[in-house]
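Colleague:
In the working numbering, the protein residues as written are 178 to 247.
1) Spatial neighbours of residue 216 within its chain, please: C-beta separation below 6 Å, excluding the five flanking residues on both sides.
2) So, for residue 218: in the same chain, excluding its five sequence neighbours on each side, which residues have a beta-carbon less than 8 Å away from its beta-carbon?
3) Taking the beta carbon of residue 238 as the centre, do at least 16 other beta carbons fall within 10 Å, making it buried, or is it exposed?
4) What span of residues does the beta strand (DSSP E) with residue 219 cover, start to end?
5) Along the chain, where does the alpha helix (DSSP H) that runs through residue 233 open and close?
6) Look at the alpha carbon of residue 203 and the alpha carbon of residue 240, and state the distance between them as a whole number of angstroms.
What follows is the structure, encoded as structure tokens:
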């Protein structure tokens, strides 16, 4: 694991572009996901996403059906 990855994994708040890269998704998809999770903090024109809230929201999409994994 390189030093950049270690640094971002310890962050609690990220901006949209960094979060999209961390979660390997498009910027627009990450923005919508963050808004749906209500994980956004806005200070003037700066928007930060709380990764703790986002991760908790993502867990609601966990597929537990055994048939899916066959």
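Glycine included, every Cβ here is placed at the ideal spot set by N, Cα and C.
Please read these numbers as outputs of a predicted model, since none were measured by experiment.
Modeller: Let me spell this out:
1) 226, 227, 230 and 231
2) 190, 224, 225, 226 and 227
3) exposed
4) 217-220
5) 228-235
6) 22 Å
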